[in-house]
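**Q**
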Amino acid sequence: MLEFLLISCRQIPNEYKEYLHEYSVPVEYREVFPIHGEGRLKIPEIISREQAKEDVLMMEYLIRTSYAGYEYWITKGVDFNAFYQGIFENLDKNDSVTTYDLEKELSNIFNNIYDGHIALGGRVHNWAYKHKAAYFCDIIVEKENDGTYKVIDSKNPSVKEGDTFTQVNPEQFLFRTLSSERVKQYLIGKISPVNVYAQKLSFNDKEIEIYFRKSRLMYSEFKDPKPFYIYRLNNIPVIRVTSSADHLYPEMLKFMEAGNELKNEKTLILNLFYHGGGSSYYPQTFMKNLNGNSDWDINWAMTTSPAITEYFAKIDISSIKDISPQYKNWIKINSDKFEDYKRKPVKDWEFGAASGAGKKGTYEGRLIILTNRRILSAGEGMIGASQSVKNRIIIGENTGGVAQFSDLCEFYLPNSKFILRLPRQFLIIPALEECLGYIPDYWLDTNQPVEEVMRWLENRNSYQFRYGEPFNEFLKKNNYANVLPEKFSIVPPSVGIPDELKKFSGKWFGVADGILDNILIVEKIINRHEAEVIYSWGVAFQWGVGTPGWQRYTASIENGILTIRDKKQQVKITYSFNQDGTLNSVYERPGAISKTTLMRMN
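The opening residue of the sequence shown carries number 421 in our numbering; numbering runs sequentially from there.
1) Pull up the DSSP beta-bridge partners for residue 967, would you.
2) Can you look up residue 1019 in the DSSP assignment and give me helix, strand or coil?
3) Rounded to whole angstroms, what's the CA-CA distance from residue 732 to residue 758? Just pull it up for me.
4) Spell out a yes or no on whether the stretch 482 to 496 and the stretch 715 to 731 are touching, meaning 3 or more CB-CB pairs, one atom from each, closer than 8 Å.
5) Within this structure, are the beta carbons of residue 511 and residue 517 separated by less than 8 Å?
6) What whole-angstrom Cβ distance do residue 636 and residue 866 have, given they're in contact under 8 Å?
7) For the stretch 643 to 650 against the stretch 936 to 945, are there 3 or more C-beta pairs whose distance is under 8 Å?
8) Enumerate in chain order the residues of its own chain whose CB-to-CB distance from residue 787 is below 6 Å, with the five nearest sequence positions on each side excluded.
9) Going by other Cβ atoms of all chains shown within 10 Å of its Cβ, with 16 needed for buried, is residue 661 buried or exposed?
10) Under 8 Å Cβ to Cβ from residue 618, same chain only, skipping five residues before and after it: list those, please.
11) The alpha helix (DSSP H) spanning residue 876 covers which residue range?
12) Taking the C-alpha atoms as reference points, what is the distance between residue 694 and residue 795?
13) Throw me the rounded Cβ distance for the residue 452 and residue 831 pair, which I believe falls under 8 Å.
14) Mapping DSSP to helix, strand and coil, what is residue 657?
15) Taking the CB atoms as reference points, tell me whether residue 839 and residue 541 lie closer together than 8 Å.
16) Rounded to a whole number of angstroms, what is the C-alpha to C-alpha distance between residue 985 and residue 991?
17) So the candidates are 532, 543, 556; which of them puts its Cα closest to the Cα of residue 549?
18) Report the rounded CA-to-CA distance for residue 727 versus residue 762, giving the unit in angstroms.
19) Note the first and the last residue of the continuous beta strand (DSSP E) segment covering residue 986.
20) Run the CB neighbour count on residue 1023, radius 10 Å, all protein chains shown included, and call it buried at 16 or more, exposed below.
21) Please confirm whether residue 582 and residue 570 have their CB atoms less than 8 Å apart.
22) Scan the stretch 880 to 927 and note each continuous alpha helix (DSSP H) run of 4 residues or more that stays entirely inside, going in chain order.
23) Counting pairs of Cβ atoms below 8 Å between the stretch 552 to 560 and the stretch 602 to 617, do you hit three or more?
24) Counting only runs that start and end within the stretch 780 to 863, where is the beta strand (DSSP E) found for 3 or more residues in a row?
25) Identify the continuous alpha helix (DSSP H) that holds residue 377 and give its terminal residues.
26) Have a look at residue 588 and residue 835 and give me their C-alpha separation to the nearest angstrom.
27) Determine the DSSP secondary structure at residue 454, reduced to helix, strand or coil.
28) Excluding the 5 residues preceding and the 5 following residue 956 in the sequence, name in chain order all residues of the same chain whose CB lies nearer than 6 Å to its CB.
29) Between the Cα of residue 523 and those of 493, 494, 476, spot the shortest distance and give me the residue it belongs to.
30) Keeping to the same chain, check which residues put their C-beta closer than 6 Å to that of residue 425; ignore five residues upstream and five downstream.
31) Could you give the C-beta distance for residue 623 and residue 586, rounded to a whole number, given that I count them as a contact under 8 Å?
32) Tell me which residues share the same chain as residue 716 and place their Cβ nearer than 7 Å to its Cβ, disregarding the 5 neighbours each side in the sequence.
33) Could you check whether residue 1008 and residue 976 sit closer than 8 Å to each other, using their CB atoms as the reference points?
34) Taking the straight line between their C-alpha atoms, what separation do you get for residue 657 and residue 649?
35) DSSP beta-bridge partners for residue 589?
36) Closer than 8 Å by C-beta to residue 427: which residues in its own chain qualify, once you throw out the five before and the five after it? Chain order, please.
This is the structure in structure tokens:
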């Protein structure tokens, strides 16, 4: 949740006039069913046609009245009315519908939306987040005086040191990295919303296929004893913060005060890796204490509706442990509006803005911020709040890009018991693109980002980053690579197995959210409802997966979905086919939800 201590206005600012035409529109009141706490109602297997239509109408009502991105996506060509009409036409074909089919239909709304907060929680987690990540290939180039790019380090078998990067329009593949002050050096990479396995590039005026892989930053491990702490390396304070959630209020008090305690330091390293979000009040206050102000370029629009005020009115504050005064006050402000919005139902907006342009703060030192793709929402808000620091350097990779829409409210659909998650705040941040995030000043491709930055600080005149070994050797050396049983066999499906299920047979590979390598081997399809499979995983420290491994399961097959369930580990993994023949996988366990596109392996 992003919060701003700003004076709001009721007139639509110029920044929003392209998307919003009225600051207040009449809507109807319908009782809604907010969800609070950890419990979840059970999803029924089948509901009637009329019940399904009631859920579709509730979804339509909630998105139209309580989703901050509704008007925005209409201007981008999303036809919500046509979408709902198509669902109604399908529902009219039968007297009942499985909740599996309904969930699949409803989640199609996210196909043309880019939003890291909106989601539909059913048997799987359906959301509109499509992160654009950087993929690299173990090649570093340096810009020569004549404008050419010379290879200065390569662990890629197709390219050697001394070769020239001769790609037309090379800028899209150049990612500036740390170097000595006298030169400019670049990692060869590519930004993409899907996993990049290979790319044809030109070296020495010859086009060759270069294999790409995810960033080594994904293997950065921090054994964090708590969400916030400070330690020193070479007498430089390293501030480590992984969350700014409201339930961490006692820790956040210490974090905010640290801004005052550190403002005389010459250099600070702020490590935000894996910051999952929370309230931006705490990072903004930290930055204000450190720097005298936390101004940044941002425009915000907050929508309020009967459903949103009812969501807050039904929160039991007494059940929330360690609630902060700010969040408690936020609940009260919104819940106090419920009766007025119920009596006179409208969807309206409040607007505000802040500018960091030219408003540099008082901190005279150097602030280095370490970033990766798992910095989300309020974590990105902290980067924004640092805009007014005079000497700020962002190092790492682009952040998650989950900030354009924020401040979630959650509602049940009454019959299916699906959970619709809707952000009510619409932000316009000039330096941040949804699903792309903030771009660093310098990119890193190492699993030791803090140590690499320290080497750079100590040797600014002679520093050069080099790869220690090729990526596959890096995985093996550090015990990060996927492992499989010594013996396994893939049994061809029998004649009685339907063709649509036979396609599961074989070996599949994918990278979950660009983070966790995983392999599915469907050894034998036993019958129409069961299959013998092997699931293999790599390493993802931020998900608590520190050791690769594999496990055999008897998976279930229902409605074209293959499902692995591990009750002991509280893991559920579902696999279904995409139209292009790849597999779509959703991995769920407490604290982690991810999606993977898996390709068949030869």
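Glycine residues also receive a C-beta, built at the ideal position from the N, C-alpha and C atoms.
**A** So, to answer that:
1) None, per the DSSP bridge assignment.
2) strand
3) 8 Å
4) yes
5) yes
6) 5 Å
7) no
8) 688, 809, 812
9) buried
10) 629, 630, 631, 632
11) 869 to 878
12) 5 Å
13) 5 Å
14) strand
15) yes
16) 6 Å
17) 532
18) 9 Å
19) 981 to 986
20) A query on residue 1023 cannot be resolved here, the shown segment of the chain reaching from 421 to 1022 and no further.
21) yes
22) 891 to 897, 919 to 922
23) yes
24) 786 to 791, 811 to 816, 825 to 832, 839 to 848
25) Any question about residue 377 goes unanswered here, given that the chain covers just 421 to 1022.
26) 56 Å
27) strand
28) 902, 904, 939, 970
29) 476
30) Residue confidence for residue 425 is low, a pLDDT of 43 falling below 50, so the modelled location carries little weight; the figure read from the coordinates is stated next. For residue 425, where only same-chain residues beyond five positions count, there are no Cβ hits under 6 Å.
31) 6 Å
32) 774, 776, 804, 805, 807, 808
33) no
34) 10 Å
35) Paired residues: none, contrary to the question.
36) Note that residue 427 scores a pLDDT of 46, beneath 50, so its modelled location is shaky; the value from the coordinates is reported in the next line. Same-chain partners within the cutoff: 772.
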